[in-house]
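K.L.:
Supplied in structure tokens, the structure appears directly below.
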Amino acid sequence: MKFLNAPELQNRYAEKTRNAEGLNQAIFVSTTRISWDSSSLKPTLNDINLVVHCGEKIAVCGEVGSGKSTLIAAILGEDYVFGQV
């Protein structure tokens, strides 16, 4: 119930620390920790690195609760992110 009662997250929690121009990547995630809650002592995902090039198609697969939705939410700027997305 904690998740259902949590306030809506705002895009302001995702730090935009790098200009995407010249990177030639559609998605760039570098040494990133992602949490659903800013006060969480343990991140949901830790030390994530991902590069998806323009036009490339990927699949995010894993067991229930492994962080697939959390990763996508972070890329969309909906989670607390520490690192570069």
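Residue numbers (full-length UniProt numbering): 1 to 85. Don't be surprised by glycine CBs; every beta carbon is placed ideally from N, CA and C.
With distances taken Cα to Cα, identify the nearest neighbour of Asn5 among Trp36, Leu76, Gly67.
P.N.:
The candidate whose alpha carbon is nearest that of Asn5 is Trp36.
K.L.:
Near Val60, what residues of its chain come up, given a Cβ to Cβ distance below 8 Å and the 5 sequence neighbours on each side ignored?
P.N.:
If we look at Val60 and ignore the five residues flanking it on each side, its Cβ neighbours are Lys68, Leu71, Ile72.
K.L.:
What is the rounded straight-line gap between the Cα of Glu56 and the Cα of Ser66?
P.N.:
23 Å
K.L.:
Less than 8 Å between the CB atoms is what I'm expecting for Ser58 and Thr32, so what's the real figure, rounded?
P.N.:
Ser is not the amino acid found at residue 58; the sequence shown has Ile there. At roughly 16 Å, the Cβ-Cβ gap does not stay under 8 Å, so Ile58 and Thr32 are not in contact.
K.L.:
Could you spell out the range, first to last residue, of the alpha helix (DSSP H) harbouring Leu71?
P.N.:
Per DSSP, Leu71 belongs to the alpha helix (DSSP H) from 68-75.
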